[in-house]
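Here UniProt numbering is used: position 56 in the sequence shown is 56, and no number is missing along the way. Each residue gets a CB set at the ideal place from its N, CA and C atoms; glycine is no exception.
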Amino acid sequence: MSSGPKRKASLKVIHKYGPCFQSNEDLVQIPSHTEILLQDQHRVNSIHSRLSNNSNSNILWDSQASTIPAKSGLNIGSGSYIVTVGFGTPKRDLRLVFDTGSDLTWTQCKPCAVCYNQLDPIFDPHKSTSYTNIPCPTPLCSQLTSATGSPRQCSSSSKCKYLVAYGDGSYTLGYFSKERLTITSSSDVVDNFIFGCGQDNEGLFNGIAGLLGIGRGQVSIVQQAAQKYGRFFSYCVPSTSSSTGYLTFGKGNGVSKTLKFTPLLVLSQGPSFYGLNLIGISVGGRRLLIPTSIFSTAGTIIDSGTVITRLPPMAYNALRTAFRELMHNYPMTSPVSSLLDTCYDLSKSNQFQACLAFAGNGNPRDIAILGNVQPRGLEVAYDVVGGRIGFRSGGCS
């Protein structure tokens, strides 16, 4: 059992494109299923690139303007699940995507050189009495390389600048800063919270103010709020877009006894990710005959921003074969995309098409990724100090 303060703060989680999200159709364009799957593949490709031998050399500043990424490679930040937190003094509420695959929290800031349209008013640091810039060069500024994959830069006024570039060409660039972060109330505040104040932001962020990084790195909120919440957090993403879930920091008076824990691993090639020890797959209560070496060769992470779970090719082929055998009474339909190749016509009962939400990696050495479809409706608890991760059914209720 890990130690930590008996504090707990919960944020409501909603789906970015669901009815619980008060959206403006002019600012938020709901993507098609094909577009969602394409964005998902961009994210997976960039995660695989980030975990390859060349991962940290893939992000470069433009040599002439120092404002545009010459090459991009981090995981895309346009996830589906959002929370609301407060920035500054006085507090300004902002809706952010939360992401276990990212460390740095960032939001758009005034004055904008380039900003995309967002639903919340853009944060103005000049109207906050608790905002400060991080100077450059300093040891704190040097942490940016591991947090973003991009070397830090100094402005002409010796302020630390950051760049996060994503796998689809989207990026955010601005000042590495400190601010008061309010999670739920005046008692759940993180002073001098390190974040990115982005003044040049372009890409597929689709109306959301920015990103809340809950990865393992030193600048993530999990690490920055460690004294308050003991590096323990949990979430439940809703099973439908019309329902809500939660993101909770801390464990309060304890954890649920119904949580089933397994070791949480650290990846040497990607220490910001949360690793799992996947050893097998069962279909219909039957363990598939997949050598454990298939999983150990690739490795596995859990990622809140990936939608479709990715498996090593041999493991996916075995899963697909077993699933199709059990579904032989249902008519198969043409795949909705090249990614999802096992789809069924369930119109007689549900009036929709259903697909197996798994896909195979192209390379058996590419890391497997547990996406956000399978854990929907489950509580997923990260005990970082204890080195374990737990799962519990009925988590959102």
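Close CB contacts of serine 128 within its chain, under the 7 Å cut and outside five residues either way in sequence, are with Gly88, Thr89, Glu179 (chain order). At least 8 Å separates the beta-carbon of glycine 207 from that of threonine 105. Using a Cβ-Cβ distance cut-off of 8 Å, the region 113-125 and the region 292-304 are not in contact, since fewer than three pairs of beta carbons, one from each stretch, lie closer than that value.
For valine 189, DSSP records a beta bridge to Thr182. Out of Gly203, Phe352, Tyr229, the CA that lies nearest to the CA of proline 331 is found in Phe352.
Within a 10 Å sphere around the beta-carbon of alanine 209 sit 16 or more other beta-carbons, which makes this residue buried.
The beta carbons of lysine 12 and lysine 251 sit no closer together than 8 Å. Proximity of the region 389-396 to the region 236-245 meets the contact definition, three or more beta-carbon pairs being nearer than 8 Å.
Here proline 135 is bridged, per DSSP, to Lys159. Around the beta carbon of arginine 310, a 10 Å sphere encloses 16 or more other beta carbons of the protein chains shown; the residue is thus reported as buried. Where leucine 212 is concerned, the enclosing beta strand (DSSP E) starts and stops at 210-213. When the alpha-carbon of glycine 149 is set against those of Ile134, Leu96, Val219, the nearest one is in Val219. In the DSSP assignment, threonine 262 falls within the beta strand (DSSP E) that extends over 260-263. When rounded, the separation of the alpha-carbon atoms in serine 347 and arginine 324 is 18 Å.
If you keep only unbroken alpha helix (DSSP H) runs of at least 4 residues inside the region 250-332, you get 292-298, 313-326. Around the CB of aspartate 303, 16 or more other CB atoms lie within 10 Å, so the residue is classed as buried.
Put simply, the backbone Cα of valine 336 is about 15 Å away from that of valine 307. With a cutoff of 8 Å on beta-carbon distance, serine 32 and threonine 184 are scored as not near each other. In the displayed model, asparagine 45 falls within a helix according to three-state DSSP. According to DSSP, lysine 12 shares a beta bridge with Tyr246. An exposed status is given to glycine 387, since fewer than 16 other beta-carbon atoms sit within 10 Å of its beta-carbon.
Looking at the backbone, the Cα of arginine 50 and that of arginine 392 are separated by about 30 Å.
For alanine 381, the enclosing beta strand (DSSP E) covers residues 379-383. With the rule of 3 Cβ pairs closer than 8 Å, the region 30-45 does not count as touching the region 151-160. In its chain, beyond the 5 residues on either side, Thr297, Ala298 have a beta carbon closer than 8 Å to the beta carbon of arginine 365.
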